[in-house]
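Undergrad:
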Amino acid sequence: MVWRVRRVYTGHNKQGRAVIIQDGPAPNVKEMASMPGLALTDLWETTGPLASNEGNGDAADRTVRLEPPRGGSILRIVEFPPDKAWRDSADAKAAFESIGAGHAKDKQSADPMMHKTSTVDYIIVISGEIYAVVEEGEVLLKPGDVFIQRGTNHSWSVRGDVPCVIAAVLVSAAPLGKPAVRKKPAGKPVASKATRATKATKAKKATKAPAKRATKATQATKAAKSPAKRATKAAKKAARGR
8 MVWRVRRVYT
18 GHNKQGRAVI
28 IQDGPAPNVK
38 EMASMPGLAL
48 TDLWETTGPL
58 ASNEGNGDAA
68 DRTVRLEPPR
78 GGSILRIVEF
88 PPDKAWRDSA
98 DAKAAFESIG
108 AGHAKDKQSA
118 DPMMHKTSTV
128 DYIIVISGEI
138 YAVVEEGEVL
148 LKPGDVFIQR
158 GTNHSWSVRG
168 DVPCVIAAVL
178 VSAAPLGKPA
188 VRKKPAGKPV
198 ASKATRATKA
208 TKAKKATKAP
218 AKRATKATQA
228 TKAAKSPAKR
238 ATKAAKKAAR
248 GR
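Under my numbering, read the sequence shown as residues 8 to 249, first letter to last.
If you want it as structure tokens, here you go:
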């Protein structure tokens, strides 16, 4: 029996007031037919890199996929059955393909659950116990423990008789070996129209400045000569009057 998670999410009414939009069992549950007893319940999804709080729609109302959309995230609950209930009969290939992740499975590993995703996963154990297995080791996780999975090859194993339930937040990440941020193209950046206009105005002013200064200097020289010129004319006129 799959654990039905109670999910409550909020939104806004027509007056812009905060309200409860939904309170009840999370509807988006994926029971893995190829791995009996294994179930994924998706609670929310963002399509980032900047999440939106617009509208009141159910962001988890879509096909269950293993990984979030590029730049996005998924909040989900996963229920793992005891290994003895399914490992010997599991069709891991079909299971991964059913959640759009046929590429994620490690085809070289004898462990049917070994896989890798381009995500950072925040895992919190809610109930039961589970082993997180990596290529060079494993660790037993108990209720309240947190496991941060960073794009590594990993698997899960419940070796007791009680199912394990975990909460997981999967955040889209750059594939290993590839930069998370795109490098800027070589060369000078292209200036915007406003920037180019500002530079053109400054250049025009700079071109006019020497001519303007020269004009002012000429005007000042003429102004300085005017009194002397008037005095000379007055002297000549007085001489003719004698």
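Built from N, CA and C at the ideal position, the CB exists for glycine as well.
Leaving aside the five residues before and after Asn35 along the sequence, list all residues of the same chain whose C-beta is less than 7 Å from its C-beta, in chain order.
TA: Thr48, Asp49, Ala67, Asp68 and Val71, listed in sequence order.
Undergrad: Residues in its own chain within less than 8 Å of Gly135 by CB, not counting five upstream and five downstream?
TA: Closer than 8 Å at Cβ, skipping near neighbours: Phe87, Pro150, Val165, Gly167, Val169, Pro170, Cys171 and Val172.
Undergrad: Excluding the five sequence neighbours on either side, which residues of its own chain have a C-beta within less than 7 Å of the C-beta of Ala139, listed in chain order?
TA: Cβ within range, chain order: Glu145, Val146, Leu148, Phe154, His161 and Trp163.
Undergrad: Assuming Val12 and Ile84 make a contact with CB atoms under 8 Å, what is their CB distance in whole Å?
TA: Between Ile84 and Val12 the Cβ distance is about 5 Å, and since that is below 8 Å, they are a contact.
Undergrad: Residues in its own chain within less than 6 Å of Gly55 by CB, not counting five upstream and five downstream?
TA: Here the set comprises Gly78 and Gly79.
Undergrad: Are the CB atoms of Pro119 and Arg94 within a distance shorter than 8 Å?
TA: Yes.
Undergrad: Going residue by residue through the stretch 27 to 54, where are the continuous alpha helix (DSSP H) segments of at least 4 residues, counting only ones entirely within it?
TA: None, since the stretch 27 to 54 contains no complete alpha helix (DSSP H) of that length.
Undergrad: Can you give the beta carbon distance from Ala92 to Tyr129, rounded, assuming they're within the 8 Å contact cut?
TA: Going by Cβ atoms, the distance from Ala92 to Tyr129 rounds to 27 Å, so no, they are not a contact pair.
Undergrad: Taking C-alpha atoms, which residue in Glu143, Ala117 and Asp152 lies nearest to Val132?
TA: Nearest of Glu143, Ala117 and Asp152 to Val132, Cα basis: Asp152.
Undergrad: Verify whether the separation of the beta carbon atoms of Arg108 and Met42 is less than 8 Å.
TA: In the sequence as presented, Arg is not what sits at residue 108; that position holds Ala. Cβ distance not < 8 Å, so Ala108 and Met42 don't count as in contact.
Undergrad: State the Cα-Cα distance for the pair Gly62 and Thr126, rounded to the nearest angstrom.
TA: For Gly62 and Thr126, the distance between alpha carbons rounds to 27 Å.
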